[in-house]
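Visitor: My questions all concern the structure below.
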Amino acid sequence: MSVNFLHLRSFYAVASERSVSKAARRLNISQPTLSKQLKALEDRYKVKLIEGTRPPLTLTTAGRALYKKSADLFGIADEIGALLGEDDIDSGALLRLGTDSPPYAAEFMAAFKAQVPNAHFRVTIANAMQTNELLLKAQIDIGIICEPPIETDYTYTPLYADRLVAILPASWPDDGLTLFPIARLAQEVVLVREATSRTLAAMNRLLADAEIAPGQTMELHTREMICEGVAQGIGMSLMFEKECPPDSRIRVVPLDTCSSLIEVKGYLAVRTERKRMPLIRQSMITAKMMAGR
2 MSVNFLHLRS
12 FYAVASERSV
22 SKAARRLNIS
32 QPTLSKQLKA
42 LEDRYKVKLI
52 EGTRPPLTLT
62 TAGRALYKKS
72 ADLFGIADEI
82 GALLGEDDID
92 SGALLRLGTD
102 SPPYAAEFMA
112 AFKAQVPNAH
122 FRVTIANAMQ
132 TNELLLKAQI
142 DIGIICEPPI
152 ETDYTYTPLY
162 ADRLVAILPA
172 SWPDDGLTLF
182 PIARLAQEVV
192 LVREATSRTL
202 AAMNRLLADA
212 EIAPGQTMEL
222 HTREMICEGV
232 AQGIGMSLMF
242 EKECPPDSRI
252 RVVPLDTCSS
262 LIEVKGYLAV
272 RTERKRMPLI
282 RQSMITAKMM
292 AGR
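Residue numbers for the sequence shown follow the numbering used here, beginning at 2 and rising by one.
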């Protein structure tokens with residue numbers, strides 16, 4: 002019994018979106034039509050694939066297994082289309098993006114949608130190591146990563162440059178400070194990210210080079226928690242400038258050093274074997290455009 006690929010694609014869209022309405026918009030068909038196609042697939046093979054009526058829908062055990070196989074199938078189909086020279090990007094194209102830098106990811110998405118207005122995104126926020134792992138497992142299509150580990154089967158497109166700055170409570174004694182002395186970190190409570198964070202790695206390289214140890218460190222894990230901790234006067238921190246949110250409770254002050262150790266670069270990373278796919282090729286074009294601004 003041959004598989005009806007139209008019904009299978011409908012299942013894949015619903016399973017991806019966990020919503021019939023979102024999947025219908027993605028496929029540009031009506032919800033009743035999509036529901037009929039999904040039911041036809043389940044009836045034909047006498048198997049329940051999706052449970053629930055309200056999003057987020059739940060996949061059954063069979064549904065999860067079929068979703069994984071469908072992802073592999075449609076991923077290969079897209080790659081075959083690219084190899085055969087198909088250049089058009091589907092109007093409802095879904096781009097799975099993983100990143101360790103939400104501000105740059107949002108900027109990339111805006112630039113990409115300016116080129117492909119109907120594109121859809123699913124974004125996973127993780128640290129650089131986790132983002133690289135998601136890319137390796139093909140759970141995302143592209144990664145926007147700060148100083149990624151170099152993998153021979155990846156293609157990297159430079160996307161941005163950033164630098165460490167000090168973030169201080171607005172209540173910090175105002176002594177005309179325009180540059181934050183790195184040596185002063187030895188006297189402060191410094192709020193830091195988790196051990197695998199690129200921000201923490203950059204800070205540690207800088208401090209080791211300057212032979213300075215912070216007076217005290219406190220791990221708060223996320224950028225949001227660190228910013229809130231600084232705003233509440235718990236301590237100060239170092240953060241990449243682009244990631245500092247506008248907040249009247251926080252002061253952002255450049256560091257008093259010209260060391261290149263405060264500088265980082267971010268890249269768009271894709272699996273080399275997939276870079277000819279139209280959607281991913283457009284991603285690389287968008288990244289080059291952003292880097293050249």
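The C-beta atom is built at its ideal place from N, Cα and C for all residues, glycine as well.
#1: Identify whether P278 lies in helix, strand or coil by the three-state DSSP scheme.
#2: Just the C-alpha distance for A196 and A167, rounded to the nearest angstrom, thanks.
#3: At what residues does the alpha helix (DSSP H) containing Q217 begin and finish?
#4: Between which two residues does the alpha helix (DSSP H) holding R27 run?
#5: Pop quiz: A171 and G216 are said to be a contact at Cβ under 8 Å. What is the actual Cβ separation, rounded to whole angstroms?
#6: Pull up the distance between the alpha-carbon of W173 and that of A162, whole angstroms please.
#7: State the DSSP-derived secondary structure class of D248, mapped to helix, strand or coil.
#8: Which term fits F6, buried or exposed, when burial requires 16 or more other beta carbons within 10 angstroms of its beta carbon?
#9: Alpha carbon to alpha carbon, how far is A107 from Q233? Give it in angstroms, no decimals.
#10: Once DSSP output is grouped into helix, strand and coil, what is the label at R185?
#11: Along the alpha helix (DSSP H) that carries D44, what are the first and last residues, could you check?
#12: Helix or strand or just coil, what does DSSP make of P118?
#13: Within 8 Å, do at least three Cβ pairs link the stretch 56-63 to the stretch 12-19?
#14: Consult DSSP for C259 and reduce its assignment to one of helix, strand or coil.
Guide: In short:
#1: Position 277 of the sequence shown holds residue 278. At residue 278 the sequence reads Met, which differs from the Pro that was named. M278: coil per DSSP, three-state reduction.
#2: Numbered from 1 along the sequence shown, position 195 holds the residue referred to as residue 196. Numbered from 1 along the sequence shown, position 166 holds the residue referred to as residue 167. Spanning the alpha carbons of A196 and A167 requires a straight line of approximately 19 Å.
#3: Locating residue 217 in the sequence shown gives position 216, counting from the first residue. Membership of Q217 in any alpha helix (DSSP H) is not indicated; the residue belongs instead to the beta strand (DSSP E) covering 217-222.
#4: For the purposes of this step, residue 27 is taken as the residue at position 26 of the sequence shown. Run containing R27: 21-28, per the alpha helix (DSSP H) assignment.
#5: Taking the first residue of the sequence shown as position 1, residue 171 is located at position 170. Taking the first residue of the sequence shown as position 1, residue 216 is located at position 215. Not confirmed; about 21 Å, so no contact.
#6: As a first step, residue 173 must be located in the sequence shown, where it is residue number 172. As a first step, residue 162 must be located in the sequence shown, where it is residue number 161. Looking at the two C-alpha atoms, the distance is approximately 28 Å.
#7: Here residue 248 refers to the residue found at position 247 of the sequence shown. The answer is coil: DSSP assigns D248 none of H, G, I, E or B.
#8: Within the sequence shown, the letter at position 5 stands for residue 6. Burial call: exposed.
#9: Residue mapping note: residue 233 aligns to position 232 of the sequence shown, counting from 1. Residue mapping note: residue 107 aligns to position 106 of the sequence shown, counting from 1. Between the alpha carbons of Q233 and A107 lies a distance of about 27 Å.
#10: Translated into positions along the sequence shown, residue 185 becomes position 184. If DSSP states are grouped into helix, strand and coil, R185 belongs with the helices.
#11: Taking the first residue of the sequence shown as position 1, residue 44 is located at position 43. Boundaries of the alpha helix (DSSP H) around D44: 32-46.
#12: The residue you call residue 118 lines up with position 117 of the sequence shown. In this structure, P118 counts as coil in the three-state DSSP scheme.
#13: Three or more pairs of CB atoms, one per stretch, sit closer than 8 Å, so the stretch 12-19 contacts the stretch 56-63.
#14: As a working mapping, residue 259 is identified with position 258 in the sequence shown. Residue state, collapsed to three classes: coil.
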